[in-house]
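Participant: Provided herewith is a single structure, encoded as structure tokens, for subsequent inquiry.
Residue numbers (my numbering): -6 to 160.
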């Protein structure tokens, strides 16, 4: 009897969390791009993340076969002190990651204005645990790159859907 009550409680909790829309971070919906995208050669972590994502979805094409072109500018990463303690030591940092990009059609005509994808995150810096603070910064940076690439892909997807609906 007690076992069946426990199973019922667990089942109700699972149903309640899925019904309210709760999900784990990073398990959101993937962007479903229908058109082939040409990603101009560039260097940087966001370029690499976009290339990996488009290749995985088989949406990366060469310039001749692609329906759209995505041109990334130079990535900008900044870490600045956000707050200090009474001994003038930094206790919180702000991380900012941004990249300008442009979306063009097959003919090289702009489909949208030049845009900058940007994210900012804060993290607490502990002088007594420098290694863990550095690992936290690296993890945040990795997550920011993933989020920025998804932000760019969502924009590309929106523009491609808008473009196909007007044709």
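We treat Cβ as the ideally placed atom computed from N, Cα and C, and that holds for glycine.
1. Just tell me which of 134, 38, 113 and 58 has its CA closest to the CA of residue 75.
2. Helix, strand or coil: which one does DSSP assign to residue 82?
3. Go through the region 27 to 109 residue by residue and report every complete run of the alpha helix (DSSP H) that reaches 4 residues or more, in order.
4. What is the rounded straight-line gap between the Cα of residue 136 and the Cα of residue 4?
5. In chain order, what residues of the same chain have a beta carbon less than 8 angstroms from the beta carbon of residue 166, not counting five sequence neighbours either side?
6. CA-CA distance, residue 98 and residue 61?
7. Among 67, 85, 27 and 125, whose alpha-carbon lies nearest the alpha-carbon of residue 36?
8. When you compare only the Cα positions, how much space is there between residue 132 and residue 91?
9. Opposite residue 117 in the DSSP bridges: which residues?
10. When we look at the beta-carbon of residue 96 and count the other beta-carbons within 10 Å, is it buried (16 or more) or exposed?
11. Classify residue 118 as buried or exposed, calling it buried when 16 or more other Cβ atoms lie within 10 Å of its own Cβ.
12. What's the gap between the Cα of residue 46 and the Cα of residue 152?
13. From residue 27 to residue 124, what distance separates their C-alpha atoms?
14. Thinking C-beta only, is residue 83 closer than 9 angstroms to residue 71?
15. Let me check one thing: in DSSP terms, what residues is residue 111 bridge-paired to?
Facilitator: In short:
1. 113
2. coil
3. 38 to 49
4. 32 angstroms
5. Any answer about residue 166 is impossible in this case: the structure gives the chain only from -6 up to 160.
6. 5 angstroms
7. 67
8. 17 angstroms
9. 85
10. buried
11. buried
12. 18 angstroms
13. 43 angstroms
14. no
15. 91
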